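**Q** Following this message is one structure expressed as structure tokens.
There are 2 protein chains.
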Amino acid sequence: MFFQKEIETMPRKELEALQLAKLKETVAYCYNKVPFYHQKLTEAGVGDGSRIRQLSDVQYIPFTTKEDFRNNYPFGLNAAPMKDIVRIHASSGTTGKPTVGVYTKKDIDVWSDCVARVAVAGGVTDEDIIQISFGYGLFTGALGLHFGLEKIGATVIPASSGNTEKQMMMFRDFGVTGLVATPSYALYLSEAVKEAGYPLSDYSLRLGILGSEPCTPEMRAQIEANLGIYVSDNYGMTELGGPGVSGDCPERDGMHFAEDHFLPEIIDSATGERLREGGKGELVVTTLSRQGMPVLRYRTKDITSITYEPCPCGRTHARMSKTAGRTDDMMIIKGVNVFPTQIESVLVGMPYIGPHYQIVLRRVNFRDTLEIRVELADAELLERYQELQELQRSMHDRLKSVLGLEAKVTLVQPKTLERFQGKAKRILDLRNEPQA
Amino acid sequence: MFFQKEIETMPRKELEALQLAKLKETVAYCYNKVPFYHQKLTEAGVGDGSRIRQLSDVQYIPFTTKEDFRNNYPFGLNAAPMKDIVRIHASSGTTGKPTVGVYTKKDIDVWSDCVARVAVAGGVTDEDIIQISFGYGLFTGALGLHFGLEKIGATVIPASSGNTEKQMMMFRDFGVTGLVATPSYALYLSEAVKEAGYPLSDYSLRLGILGSEPCTPEMRAQIEANLGIYVSDNYGMTELGGPGVSGDCPERDGMHFAEDHFLPEIIDSATGERLREGGKGELVVTTLSRQGMPVLRYRTKDITSITYEPCPCGRTHARMSKTAGRTDDMMIIKGVNVFPTQIESVLVGMPYIGPHYQIVLRRVNFRDTLEIRVELADAELLERYQELQELQRSMHDRLKSVLGLEAKVTLVQPKTLERFQGKAKRILDLRNEPQA
Chain S
594 MFFQKEIETM
604 PRKELEALQL
614 AKLKETVAYC
624 YNKVPFYHQK
634 LTEAGVGDGS
644 RIRQLSDVQY
654 IPFTTKEDFR
664 NNYPFGLNAA
674 PMKDIVRIHA
684 SSGTTGKPTV
694 GVYTKKDIDV
704 WSDCVARVAV
714 AGGVTDEDII
724 QISFGYGLFT
734 GALGLHFGLE
744 KIGATVIPAS
754 SGNTEKQMMM
764 FRDFGVTGLV
774 ATPSYALYLS
784 EAVKEAGYPL
794 SDYSLRLGIL
804 GSEPCTPEMR
814 AQIEANLGIY
824 VSDNYGMTEL
834 GGPGVSGDCP
844 ERDGMHFAED
854 HFLPEIIDSA
864 TGERLREGGK
874 GELVVTTLSR
884 QGMPVLRYRT
894 KDITSITYEP
904 CPCGRTHARM
914 SKTAGRTDDM
924 MIIKGVNVFP
934 TQIESVLVGM
944 PYIGPHYQIV
954 LRRVNFRDTL
964 EIRVELADAE
974 LLERYQELQE
984 LQRSMHDRLK
994 SVLGLEAKVT
1004 LVQPKTLERF
1014 QGKAKRILDL
1024 RNEPQA
Chain X
594 MFFQKEIETM
604 PRKELEALQL
614 AKLKETVAYC
624 YNKVPFYHQK
634 LTEAGVGDGS
644 RIRQLSDVQY
654 IPFTTKEDFR
664 NNYPFGLNAA
674 PMKDIVRIHA
684 SSGTTGKPTV
694 GVYTKKDIDV
704 WSDCVARVAV
714 AGGVTDEDII
724 QISFGYGLFT
734 GALGLHFGLE
744 KIGATVIPAS
754 SGNTEKQMMM
764 FRDFGVTGLV
774 ATPSYALYLS
784 EAVKEAGYPL
794 SDYSLRLGIL
804 GSEPCTPEMR
814 AQIEANLGIY
824 VSDNYGMTEL
834 GGPGVSGDCP
844 ERDGMHFAED
854 HFLPEIIDSA
864 TGERLREGGK
874 GELVVTTLSR
884 QGMPVLRYRT
894 KDITSITYEP
904 CPCGRTHARM
914 SKTAGRTDDM
924 MIIKGVNVFP
934 TQIESVLVGM
944 PYIGPHYQIV
954 LRRVNFRDTL
964 EIRVELADAE
974 LLERYQELQE
984 LQRSMHDRLK
994 SVLGLEAKVT
1004 LVQPKTLERF
1014 QGKAKRILDL
1024 RNEPQA
């Protein structure tokens, strides 16, 4: 089950020769087309990359960070003229400004290939009817999977997220064979299917292609049992163009990179040094094919390890283990990136409230919930219920507007939240706690 | 400004010869591939259509109605095997079941052509940066425009709907030149842009391609003035494959059908008789190119008229005037089809409430709002506020789940809503009332 067998099983020597050629091309392209990279590469003495002799020379190239994306918002990292750009995607950034990705026609084509590989490796064929329950829009997940699955020739149902009853109705009525969703939404849906009480024989579901947030083995097992399906996982992010960077093969023992399009490394996130094979550290990725927005050594902040060992599935491309946390305080809630700074930006300047707040994450019915506990400035205020209700609603609406997420706002009495010496502990992540 | 000039300006004689050939093909295709049509065509004596001699013979073909879609839910009207279907779209039906449309690869291609014609006629070029603020997902509007605009080579921003602040931020930051939205959302956004206070010179907006609900000349003028843009209108519906059925040319004196793909007629909705050119009645459309779901003489329930007069723009395809209401009680709210039966299906069986309710539509800040006034069964109940709050929330959530729309639920005292002899007047449409 391969989408592009020749490439996916290419001997490593050939693959690495291809990577080296594309790395040199990419460095020259960045040097010539993106002033930001021109300056960085010049300062680092790498120049247009013509002196790069081996893949490990990538270590002399400076890193690109989330901050570089922010500082170059929106189009400072573009390498192609806007006339050649056919799509713009975006995800939440660390501040109010989103992280932007731009695509040429060829970028969309390569992206669709990468996604198609992941989907075919997960068992999708042109006879499948796939319901995409990612939220459609600026988010790369939904349209990324959509184009990849249409490329395979599968039937795509652009269900988007939410509306559980309708999702389940379509499962049954449309003979849906595959689900694309975040692991947490898939788990939630699988519980809803169980509760709805129809026998599994009323469903034709046989596989799930999950992604955009980490999926634990326990979640996977639960989803598979509830729906009677086979689940595979995949990995990607807006900065690298979206999903399709890596994905499970039938062995499910590490996700294969699309190494002809991405060059991965693992570094010590403190020193920036490259680690030996198998070492656990921060994933760094260089894009090898992107025209619209090539990225050199992007620090993903995801902690993982890489193996180049041959895989029984026949694929020769390197595998990454499931991510084991992040180096920053970004939260992924229902597949949406959320930074505490975004929440703070909403609260600042609101009337009646003090400077103290706490972010509480829970998993209720297998679904992420986000609660913001905000302290009132004055004890007597709780009396003024109606005004407060209005306040609560206003905070809720503005949070939703900024985050693109539903958040419950709870008002609590002054001085009831814990105070901290030094850095405040604002995040209480209870998602892996047993449910009450 | 044509996307397919040769077809769009084809002499009528040739066009009608093409339509006749395609009509005969379509009838034979339906007769051979769809048992529902086989039976209907046999009963009507039309058979496989081989005796059709002229376009007006279409009158001997039986109508297809919304009820036929419902009775054949989900795939009874499919003419192509599921293996050839690459996409499924859906919109709200009259009951809990959606109206389904299925597409082959060629259907998507033809659809994209039709949308591209509308967009190019509205002024879009490959240099435009277009923000699509339709809700992405099962709704045909967003993905229909998306594929059509990518075909032109424009830069597409899949913004989806909602999150006004972010919409405006993207307008400014991304140099957006065109907006795709419903007229009511465009009007709302245009007011928000005015209020935000940035000078129009901070924006690069120059055009709007609006659709999926009727746009009055007053709305259009207001949107154009607020944003300093040129607005064109277009028409379509899920049953006919989505947007692209007809659209404004630069004359904006009627929307040109894509007559090589659609055969339009106007009938007296009471008698079913065809009207003479220019007569006002119900629009009936036969698809001439669809493979996945061909439709014979679909009764759209939209009231309009058609002219075949030559248009100064050079297009030879017939034009329809703006729709002047509908023959049923379907409401279009923010581009979403809503039937009173859907609302009733949510209310039935809820505790505490009586059988009386009223649907109130308003336009607040140029945005459609939907309020459901529900009468309580018992006067003392209003005391039990918290329980009622829970009830209200539950109704709201279930309505949102069924309609895909935010609806405010108001509880009012028993016996305060008007009673009716005969058919109850449940809809109070105040959208065209002056705002308080």
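Protein chains in written order, with our numbering: chain S, 594 to 1029; chain X, 594 to 1029. Glycine is no exception: its CB is placed at the ideal position from the N, C-alpha and C atoms. Remember, predicted model here, so these are calculated numbers, not experimental data.
1. Between Leu1045 (chain X) and chain S, is any beta-carbon pair separated by less than 8 Å?
2. For the region 745-767 of chain X, which residues have a CB atom closer than 9 Å to at least one CB atom of chain S, in sequence order?
3. With a CB to CB cut of under 8 Å and the five nearest residues on each side skipped, what residues in its chain are close to Tyr796 (chain S)?
4. Have a look at Lys617 (chain X) and Lys744 (chain S) and give me their C-alpha separation to the nearest angstrom.
5. What are the boundary residues of the alpha helix (DSSP H) that His910 (chain X) is part of?
6. Where do the ends of the alpha helix (DSSP H) carrying Met761 (chain S) lie?
7. Where do the N-terminal and C-terminal ends of the beta strand (DSSP E) with Met812 (chain X) fall, by residue?
8. Using 8 Å for Cβ pairs, my map puts Met603 (chain X) next to Pro843 (chain X). What's the rounded Cβ distance?
9. Pick helix, strand or coil for Lys699 (chain X), following the three-state DSSP scheme.
10. Measuring alpha carbon to alpha carbon, tell me which residue in X:Asp677, X:Gln632, X:Leu736, X:Ser987 is nearest Lys699 (chain X).
11. So, helix, strand or coil for Ser825 (chain S), using DSSP?
12. Could you tell me which residues DSSP pairs with Met924 (chain S) in its beta bridges?
13. Starting from Val620 (chain X) and walking both ways along the alpha helix (DSSP H), at which residues does that stretch end?
14. So which residues on chain X does Lys626 (chain S) lean against when the C-beta distance must stay under 8 Å?
15. Note down, in chain order, every chain X residue with its Cβ under 7 Å from the Cβ of Pro667 (chain S).
16. With His631 (chain S) and Tyr624 (chain S) assumed to form a contact (beta carbons below 8 Å), what rounded beta-carbon distance in angstroms separates them?
17. Express the C-alpha separation of Arg955 (chain X) and Gln1028 (chain X) in angstroms, rounding to a whole number.
18. Who are the near neighbours of Glu858 (chain S) in its chain, counting only those whose CB is closer than 6 Å to its CB and skipping five residues on each side?
19. Can you tell me whether Ser649 (chain S) is buried or exposed? The criterion is at least 16 other CB atoms within 10 Å of its CB, across all chains shown.
20. Could you check the C-alpha separation between Gln612 (chain X) and Tyr778 (chain X) for me, to the nearest Å?
21. In three-state terms, what does DSSP make of Gln632 (chain S)?
22. Taking contact to mean 3 or more Cβ pairs, one atom from each stretch, closer than 8 Å, check whether the region 902-915 of chain X and the region 692-706 of chain X are in contact.
23. Report yes or no: is there a C-beta of chain X within less than 8 Å of the C-beta of Leu975 (chain S)?
24. My assumption, with CB atoms under 8 Å, is that Ser825 (chain X) sits in contact with Gly715 (chain X). Please give the rounded CB distance.
25. Three Cβ pairs or more, each shorter than 8 Å: is that satisfied between the region 720-738 of chain S and the region 750-762 of chain S?
26. Which residue wins for smallest C-alpha separation from Lys626 (chain X), given the options X:Met675, X:Met830, X:Glu609?
27. Quick one: any contact between the region 788-803 of chain X and the region 637-649 of chain X, if contact means 3 or more CB pairs under 8 Å?
28. With DSSP as the reference, identify every bridge partner of Ala683 (chain X), one or two as the case may be.
29. Find the nearest neighbour of Val679 (chain X) within the set X:Gln884, X:Pro933, X:Asp990, judged by alpha-carbon distance.
30. Taking buried to mean at least 16 other C-beta atoms within 10 Å of its own C-beta, is Glu870 (chain S) buried or exposed?
31. List the endpoints of the continuous beta strand (DSSP E) containing Ala774 (chain X).
32. For Lys633 (chain S), which residues from the same chain have a beta carbon less than 7 Å from its beta carbon, with the 5 sequence-adjacent residues on both sides left out?
33. Taking Cys904 (chain S) as the reference, which of S:Pro887, S:Gly865, S:Ala709, S:Arg845 has the closest Cα?
34. Could you please tell me which residues of the region 772-806 of chain X, in chain order, have their CB closer than 7 Å to any CB of chain S?
35. Report the option in S:Asp841, S:Lys1001, S:Phe629, S:Pro933 whose CA atom is closest to the CA atom of Val888 (chain S).
36. So, is Gly847 (chain X) buried or exposed, given that buried needs 16 or more other C-beta atoms within 10 angstroms?
**A** Judging by the given coordinates:
1. No statement about residue 1045 (chain X) is possible, as the shown extent of chain X runs from 594 to 1029 and does not include it.
2. Cβ contacts with chain S: Gly746, Ala747, Thr748, Val749, Ile750, Pro751, Ala752, Ser753, Ser754, Gly755, Asn756, Thr757, Glu758, Lys759, Met762, Met763, Asp766, Phe767.
3. The residue you call residue 796 (chain S) lines up with position 203 of the first sequence. The beta carbon of Tyr796 (chain S) is closer than 8 Å to those of Phe764, Arg765, Val769, Val786, Leu820, Gly821 in its chain, skipping five residues each way along the sequence.
4. Within the second sequence, the letter at position 24 stands for residue 617 (chain X). Within the first sequence, the letter at position 151 stands for residue 744 (chain S). Computed Cα separation, rounded: 32 Å.
5. Here residue 910 (chain X) refers to the residue found at position 317 when the second sequence is read from its first residue. No alpha helix (DSSP H) holds His910 (chain X); DSSP gives it neither H nor E.
6. Reading the first sequence from its first residue, position 168 is the one you call residue 761 (chain S). Taken as a continuous stretch (DSSP letters only), the alpha helix (DSSP H) holding Met761 (chain S) covers 757-766.
7. As a working mapping, residue 812 (chain X) is identified with position 219 in the second sequence. Unbroken run through Met812 (chain X) is the alpha helix (DSSP H), 810-820; no beta strand (DSSP E).
8. Taking the second sequence and counting its residues from 1, the one referred to as residue 603 (chain X) is at position 10. Taking the second sequence and counting its residues from 1, the one referred to as residue 843 (chain X) is at position 250. That pair is no contact at about 19 Å.
9. Your numbering for residue 699 (chain X) matches position 106 in the second sequence. Judged by DSSP in its simplified three-state form, Lys699 (chain X) adopts helix.
10. Mapped onto the second sequence, residue 699 (chain X) falls at position 106. Of the listed residues, the one whose Cα sits closest to Lys699 (chain X) is X:Asp677.
11. For this step, residue 825 (chain S) is matched to residue 232 along the first sequence. Three-state DSSP puts Ser825 (chain S) in a strand.
12. Taking the first residue of the first sequence as position 1, residue 924 (chain S) is located at position 331. Beta-bridge analysis with DSSP links Met924 (chain S) to S:Val931.
13. For the purposes of this step, residue 620 (chain X) is taken as the residue at position 27 of the second sequence. Val620 (chain X): member of the alpha helix (DSSP H) spanning 605-626, first to last residue.
14. Taking the first residue of the first sequence as 1, we reach residue 626 (chain S) at position 33. Within chain X, no residue comes near Lys626 (chain S); the closest Cβ sits about 18 Å away, beyond 8 Å.
15. Here residue 667 (chain S) refers to the residue found at position 74 when the first sequence is read from its first residue. Result: Asp766, Phe767.
16. Counting from one through the first sequence, the residue named residue 631 (chain S) turns up at place 38. Counting from one through the first sequence, the residue named residue 624 (chain S) turns up at place 31. Contact holds; Cβ gap of about 5 Å.
17. Taking the first residue of the second sequence as position 1, residue 1028 (chain X) is located at position 435. Taking the first residue of the second sequence as position 1, residue 955 (chain X) is located at position 362. Note that Gln1028 (chain X) scores 45 on pLDDT, short of 50, meaning its location in the model is unreliable; the coordinates nonetheless yield the value given after this. Gln1028 (chain X) and Arg955 (chain X): Cα-Cα distance of roughly 9 Å.
18. Here residue 858 (chain S) is taken as the residue at index 265 of the first sequence, counted from 1. When the five nearest sequence neighbours on each side are left out, the beta carbons in the same chain lying within less than 6 Å of the beta carbon of Glu858 (chain S) are those of Arg867, Val877, in order along the chain.
19. On the first sequence, residue 649 (chain S) is found 56 positions in, with the first residue counted as 1. Burial call: exposed.
20. As a working note, residue 612 (chain X) is residue 19 in the second sequence. As a working note, residue 778 (chain X) is residue 185 in the second sequence. Using only the alpha carbons, I get a separation of about 36 Å.
21. Taking the first residue of the first sequence as position 1, residue 632 (chain S) is located at position 39. Note: Gln632 (chain S) maps to helix in three-state DSSP.
22. No, because fewer than three Cβ pairs between the region 902-915 of chain X and the region 692-706 of chain X fall closer than 8 Å, the two stretches do not touch.
23. Counted from its first residue, the first sequence places residue 975 (chain S) at position 382. Any answer about Leu975 (chain S) is weak, because its pLDDT of 49 lies below 50 and its placement is not dependable; what the coordinates show is given next. Output row for Leu975 (chain S): interface = no.
24. Along the second sequence, one-based indexing puts residue 825 (chain X) at 232. Along the second sequence, one-based indexing puts residue 715 (chain X) at 122. About 4 Å; that satisfies the 8 Å criterion.
25. With a cut-off of 8 Å on Cβ pairs, the region 720-738 of chain S is in contact with the region 750-762 of chain S, counting three or more such pairs.
26. Numbered from 1 along the second sequence, position 33 holds the residue referred to as residue 626 (chain X). Ranked by how close their Cα comes to the Cα of Lys626 (chain X), the residues X:Met675, X:Met830, X:Glu609 have X:Met675 in first place.
27. Too few Cβ pairs lie closer than 8 Å, so no.
28. To locate residue 683 (chain X), count along the second sequence from 1; it is residue 90. For Ala683 (chain X), which the question treats as bridged, DSSP gives the partners X:Val693.
29. Indexing the second sequence from 1 puts residue 679 (chain X) at position 86. For Val679 (chain X), the closest of X:Gln884, X:Pro933, X:Asp990 by C-alpha to C-alpha distance is X:Gln884.
30. As a position in the first sequence, residue 870 (chain S) is number 277, starting the count at 1. Flag for Glu870 (chain S) reads exposed.
31. Locating residue 774 (chain X) in the second sequence gives position 181, counting from the first residue. Element bounds for Ala774 (chain X): 771-774.
32. Counting from one through the first sequence, the residue named residue 633 (chain S) turns up at place 40. Within the same chain, Pro655 come within 7 Å of Lys633 (chain S) by CB-CB distance, once the 5 residues on both sides are set aside.
33. As a working mapping, residue 904 (chain S) is identified with position 311 in the first sequence. Ranking S:Pro887, S:Gly865, S:Ala709, S:Arg845 by Cα distance to Cys904 (chain S) puts S:Arg845 first.
34. When C-beta distances to chain S are compared with 7 Å, every residue of the region 772-806 of chain X stays at or above that value.
35. In the first sequence, residue 888 (chain S) corresponds to position 295, counting from 1. Considering only alpha carbons, the answer is S:Phe629.
36. Here residue 847 (chain X) refers to the residue found at position 254 of the second sequence. That one is buried.
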